[in-house]
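Enquirer: Let me begin by handing over the structure; questions about it come next.
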Amino acid sequence: MSGMLTYHNYSLSQIPDLDGKVAVITQLNYHVLTHHKCSEISTQCLLHGIKKLYIVARSQVKYDGAVDAWRRDPRIKLGEWNTEAEGDEMWKSRTEFIPCDLGDMLQVRRAAGEIKRRTDRLDILFCNAGLPIIPAHTLSPQSIETIFASNYVGHYILTTLLLPLLKSTIAHSPHPHSPATNARVVVTSSSLHHLCRELNLDLVTSKDPIKSRCYDGIWRYARSKLANILFTRELARRRDDVDDDATKHIYANSFFPGNIATEQMDIWKQYLGGILGRLVKWYFALAGQSTRDGAATAMYLGASGDVIGMEGIKGEYFIPIARKGSTSGIGNDMELAKTLWDWTDNKVTEVMGNGWQKI
């Protein structure tokens, strides 16, 4: 399975200066943000001079905890302040919290609207958050399986609603027709997508699991990560089919951050038992990737000039670190990617009405 080896094709020291750029990152809710790769992505953005970072997440408390950790990080220097209040204001000028449950379509729409209200620029969109493997089979407020709704549908809506902002950032730059002027969409997937051998969209709204209780949670997670890959491929194809330089200069790619021994791996204790579950986490702590490795691939896709290259890298899937990887056969099915896109658009339209994409 991809990601078992680490290819050192890029390092965090190679991240270019991000001065003047604005990024949005969706954050994981199940873990303390300071101990996860999504926090490392945010940290690297701050270390490399990002002008503004909007963090979309459910938990204000965990966001506040992450900010406290960044304030204590001697590597991150935002400037000098004399009082705690001045320090708070300085951090607010660099990071902002946007509350959102990605599993709820209406909350995602509100979050996108809030981002567009607060900024007229967006250079990088990190579609990073999501639910881990969870045994319980539940449905979202809009009756879509919860993992699928949070990991895929929410990001589909957020990306669609923020595409005009990505495009306008390019169009209003000093050199809008130059390939060097571009925007990025970076979507987190997983090597576990290989476990999903079919995508029956009728099952996404089913009230009942179709597998054994043990396997069903893993399969549902794998299905959501396959959807992330197919979405990215179709997004890239649709951008290239438009006769518009600004649209063509949006580079969308997906990646697997690696087998990172975070708290998320504790879920294997429920599936494999305490001893085997601990052995799995122990093995990946030794042989897997670090949070910095996971963030390195994200930052490569989000900031490296190599991505625009001679022909540009679009719609591809990467494994650690910054290496183009192979998806499952179904992950390359462009007809299925289009079917998934159309199905999702129809589901969102049922909730938000016609023309929701222009809200």
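Residue numbers (full-length UniProt numbering): 1 to 359. The beta-carbon is built from N, C-alpha and C at its ideal position, and this holds for glycine as well.
Count the other CB atoms within 10 Å of the CB of Ala-261; is the residue buried (16 or more) or exposed (fewer)?
Expert: Here residue 261 is taken as the residue at index 261 of the sequence shown, counted from 1. Its pLDDT being 47, under 50, Ala-261 is placed unreliably by the model, and the measurement read from it follows with that caveat. That one is buried.
Enquirer: Provide the residue span of the alpha helix (DSSP H) that contains Lys-116, from first to last.
Expert: Here residue 116 is taken as the residue at index 116 of the sequence shown, counted from 1. Counting along the chain, Lys-116 sits inside the alpha helix (DSSP H) bounded by residues 105 to 118.
Enquirer: Determine the closest residue to Ser-168 out of Gln-142, Asn-182, Asn-332, with distance taken between C-alpha atoms.
Expert: Here residue 168 refers to the residue found at position 168 when the sequence shown is read from its first residue. Ranking the options by Cα distance to Ser-168, first place goes to Asn-182.
Enquirer: Could you tell me whether the stretch 316 to 333 touches the stretch 189 to 203, where touching means 3 or more Cβ pairs closer than 8 Å?
Expert: yes
Enquirer: Determine the DSSP secondary structure at Phe-255, reduced to helix, strand or coil.
Expert: Within the sequence shown, numbered from 1, the residue matching residue 255 stands at position 255. If DSSP states are grouped into helix, strand and coil, Phe-255 belongs with the strands.
Enquirer: Name the DSSP bridge partner or partners of Tyr-54?
Expert: Sequence index remark: in the sequence shown, residue 54 carries index 54 (1-based). Its beta-bridge partners are Val-24, Glu-96.
Enquirer: Where Ser-189 and Glu-80 are concerned, what is the direct C-alpha to C-alpha distance, given to the nearest angstrom?
Expert: Counting from one through the sequence shown, the residue named residue 189 turns up at place 189. Counting from one through the sequence shown, the residue named residue 80 turns up at place 80. Cα-Cα distance, rounded: 39 Å.
Enquirer: Considering just the uninterrupted stretch of the alpha helix (DSSP H) at Thr-297, what are its terminal residues?
Expert: Counted from its first residue, the sequence shown places residue 297 at position 297. 291 to 303 is the extent of the alpha helix (DSSP H) around Thr-297.
Enquirer: Could you tell me whether the Cβ atoms of Asn-228 and Asn-151 are closer together than 8 Å?
Expert: Mapped onto the sequence shown, residue 228 falls at position 228. Mapped onto the sequence shown, residue 151 falls at position 151. Taking 8 Å as the Cβ cut-off, Asn-228 and Asn-151 qualify as a contacting pair.
Enquirer: In whole angstroms, what is the alpha-carbon distance linking residue 360 and Ser-11?
Expert: Nothing about residue 360 can be reported from this structure: the residues present for the chain run from 1 to 359 only.
Enquirer: In the DSSP output, which residue or residues are listed as bridge partners for Phe-126?
Expert: Mapped onto the sequence shown, residue 126 falls at position 126. Ile-25, Val-186, per the DSSP bridge assignment.
Enquirer: Taking only runs that begin and end inside the stretch 156 to 238, name each unbroken beta strand (DSSP E) of 3 or more residues, in chain order.
Expert: 183 to 188
Enquirer: Tell me which residues share the same chain as Gly-312 and place their Cβ nearer than 8 Å to its Cβ, disregarding the 5 neighbours each side in the sequence.
Expert: Looking up residue 312 in the sequence shown gives position 312. If we look at Gly-312 and ignore the five residues flanking it on each side, its Cβ neighbours are Pro-179, Tyr-251.
Enquirer: Span of the alpha helix (DSSP H) holding Tyr-63?
Expert: As a first step, residue 63 must be located in the sequence shown, where it is residue number 63. 60 to 72 is the extent of the alpha helix (DSSP H) around Tyr-63.
Enquirer: Just curious, the alpha helix (DSSP H) that Lys-248 is in, first and last residue?
Expert: As a first step, residue 248 must be located in the sequence shown, where it is residue number 248. Counting along the chain, the alpha helix (DSSP H) containing Lys-248 begins and ends at 245 to 248.
Enquirer: Determine the direct distance from the alpha carbon of Asp-208 to that of Lys-52, and round the result to whole angstroms.
Expert: Counting from one through the sequence shown, the residue named residue 52 turns up at place 52. Counting from one through the sequence shown, the residue named residue 208 turns up at place 208. Straight-line Cα distance between these residues: approximately 43 Å.
Enquirer: My understanding is that Gly-154 touches Leu-102, with C-beta atoms under 8 Å, so please give their C-beta distance in whole angstroms.
Expert: Working through the sequence shown from its first residue, we reach residue 154 at position 154. Working through the sequence shown from its first residue, we reach residue 102 at position 102. About 3 Å; that satisfies the 8 Å criterion.
Enquirer: Cutting at 6 Å between CB atoms, please list the residues of its own chain near Ala-322, excluding the five before and the five after it.
Expert: As a first step, residue 322 is located in the sequence shown; it is residue number 322 there, counting from the start. Excluding sequence neighbours, Ala-322 sits near Asn-9, Tyr-10, Thr-297, Tyr-300.
Enquirer: Going by other Cβ atoms of all chains shown within 10 Å of its Cβ, with 16 needed for buried, is Asn-29 buried or exposed?
Expert: Against the sequence shown, residue 29 aligns to sequence position 29. Note that Asn-29 scores 48 on pLDDT, short of 50, meaning its location in the model is unreliable; the coordinates nonetheless yield the value given after this. Result: buried.
Enquirer: For Gln-357, I'd like the list of residues in its chain whose CB is within less than 6 Å of its CB, leaving aside the five on either flank, ordered along the chain.
Expert: As a working mapping, residue 357 is identified with position 357 in the sequence shown. Thr-160.
Enquirer: For Ile-359, count neighbouring C-beta atoms within 10 Å of its own C-beta (all shown protein chains included) and say buried if the count is 16 or more, exposed if not.
Expert: Start at 1 with the first residue of the sequence shown, and residue 359 comes out as number 359. It counts as exposed.
Enquirer: Can you tell me whether DSSP reads Asp-19 as helix, strand or coil?
Expert: Within the sequence shown, the letter at position 19 stands for residue 19. If DSSP states are grouped into helix, strand and coil, Asp-19 belongs with the strands.
Enquirer: Taking the alpha helix (DSSP H) that Met-352 belongs to, which residues open and close that run?
Expert: Here residue 352 corresponds to residue number 352 of the sequence shown, with the count starting at 1. That run of the alpha helix (DSSP H) goes 334 to 352.
Enquirer: Taking buried to mean at least 16 other C-beta atoms within 10 Å of its own C-beta, is Met-105 buried or exposed?
Expert: Position 105 of the sequence shown, counted from the start, is the residue given in the question as residue 105. With 16 or more other Cβ atoms inside 10 Å of its own Cβ, Met-105 counts as buried.
Enquirer: What is the residue span of the beta strand (DSSP E) that Tyr-7 lies within?
Expert: For the purposes of this step, residue 7 is taken as the residue at position 7 of the sequence shown. Run containing Tyr-7: none; DSSP gives neither H nor E here.
Enquirer: Name the DSSP beta bridge partners of Ile-319, please?
Expert: The residue labelled residue 319 in the question sits at position 319 within the sequence shown. Answer by DSSP bridge pairing, in chain order: Arg-323.
Enquirer: Who does Leu-139 pair with in a DSSP beta bridge?
Expert: As a working note, residue 139 is residue 139 in the sequence shown. Its beta-bridge partners are Glu-145.
Enquirer: Could you tell me whether the stretch 80 to 97 touches the stretch 130 to 146, using the rule of 3 or more Cβ pairs below 8 Å?
Expert: no
Enquirer: Please tell me whether Ala-246 and Gly-315 are closer than 8 Å, where the distance is taken between their beta carbons.
Expert: Residue 246 sits at position 246 when you count from the first residue of the sequence shown. Residue 315 sits at position 315 when you count from the first residue of the sequence shown. Cβ atoms of Ala-246 and Gly-315: not closer than 8 Å.
Enquirer: Is DSSP giving Leu-131 helix, strand or coil here?
Expert: As a position in the sequence shown, residue 131 is number 131, starting the count at 1. Leu-131: coil per DSSP, three-state reduction.
Enquirer: Which residue's Cα is closest to the Cα of Pro-135: Cys-127, Leu-125, Ile-147?
Expert: On the sequence shown, position 135 is the one that residue 135 refers to. Looking at the Cα atoms, Ile-147 is the closest of the given residues.
Enquirer: Measuring straight from C-alpha to C-alpha, what distance separates Phe-255 and Cys-127?
Expert: Here residue 255 corresponds to residue number 255 of the sequence shown, with the count starting at 1. Here residue 127 corresponds to residue number 127 of the sequence shown, with the count starting at 1. Taking the straight line joining both Cα atoms gives about 11 Å.
Enquirer: Roughly how many angstroms lie between the CA atoms of Val-351 and Leu-163, to the nearest whole one?
Expert: Taking the sequence shown and counting its residues from 1, the one referred to as residue 351 is at position 351. Taking the sequence shown and counting its residues from 1, the one referred to as residue 163 is at position 163. Cα to Cα, Val-351 sits roughly 20 Å from Leu-163.
Enquirer: Is Ala-337 buried or exposed, if buried means 16 or more other CB atoms sit within 10 Å of its CB?
Expert: Sequence index remark: in the sequence shown, residue 337 carries index 337 (1-based). Here Ala-337 is buried: its Cβ has 16 or more other Cβ atoms, across all protein chains shown, within 10 Å.
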